[in-house]
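For reference, the structure discussed in these notes is given below.
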Amino acid sequence: MTPESYKVAVSEYISTGLDFNYWKSEPFLALMTYVQLQRAYGRTAFKQVFAKYRALPEEERPRNDQQKIDMWMTMFSRTVGEDLSSFLISWGHPVTDEARNSISDLPGSGLSMSDLLNH
Numbered sequence: 742m743t744p745e746s747y748k749v750a751v752s753e754y755i756s757t758g759l760d761f762n763y764w765k766s767e768p769f770l771a772l773m774t775y776v777q778l779q780r781a782y783g784r785t786a787f788k789q790v791f792a793k794y795r796a797l798p799e800e801e802r803p804r805n806d807q808q809k810i811d812m813w814m815t816m817f818s819r820t821v822g823e824d825l826s827s828f829l830i831s832w833g834h835p836v837t838d839e840a841r842n843s844i845s846d847l848p849g850s851g852l853s854m855s856d857l858l859n860h
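Under our numbering, the first residue of the sequence shown is numbered 742, with each subsequent residue one higher.
Structure follows, in structure tokens:
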């Protein structure tokens with residue numbers, strides 16, 4: 742995808758009111774979230790998070806979408822040392838207050854979906 746196509750896709754998503762179900766149904770749109778994280782933190786951060794997931798005992802693994810979203814946010818945030826809740830909220834991800842509070846000791850990331858519109 743080109744930077745211009747990113748802008749079009751993000752603008753269309755914004756027009757949905759940041760409908761998370763729409764985000765989940767559009768693979769390239771969803772991929773842009775992860776591209777932003779990769780650009781900001783590198784591939785090593787993903788490798789570390791995936792290793793942590795693999796090491797989780799079965800009973801600690803998320804069982805539903807909400808648990809998956811919250812665990813992804815908290816685990817990635819702890820891995821990179823920054824609170825990614827505002828970033829994921831800017832993408833319309835429904836993170837819980839409990840998950841946000843669990844990483845409130847970390848500095849904010851400064852990342853936002855709108856960064857894609859400005860490049």
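Here a beta-carbon is modelled for each residue, glycine too, at the ideal position from N, C-alpha and C.
Bear in mind the structure is a predicted one, so any value in this text is a computation, not a measurement.
- Of the residues 830, 743, 819, 850, the one whose Cα lies closest to the Cα of residue 789 is 819.
- A residue is called buried when at least 16 other Cβ atoms come within 10 angstroms of its Cβ; residue 775 does not meet this threshold and is exposed.
- Residue nearest to residue 838 within the set 755, 792, 807 is 807 (criterion: CA-CA distance).
- Using a Cβ distance threshold of 7 Å, residue 754 and residue 770 count as a contacting pair.
- At a Cβ-Cβ threshold of 7 Å, residue 850 and residue 825 count as neighbours.
- Here the C-alpha atom of residue 853 lies approximately 5 Å from the C-alpha atom of residue 828.
- Shown here, residue 846 sits in coil according to DSSP, grouped into three states, outside any helix or strand.
- Residue 760 is not bridged by DSSP to any residue.
- Taking the CA atoms as reference points, residue 791 sits about 22 Å from residue 848.
- Its chain contains 853, 854 as the residues whose beta carbon lies nearer than 6 Å to that of residue 831, once the 5 sequence neighbours on both sides are disregarded; these appear in chain order.
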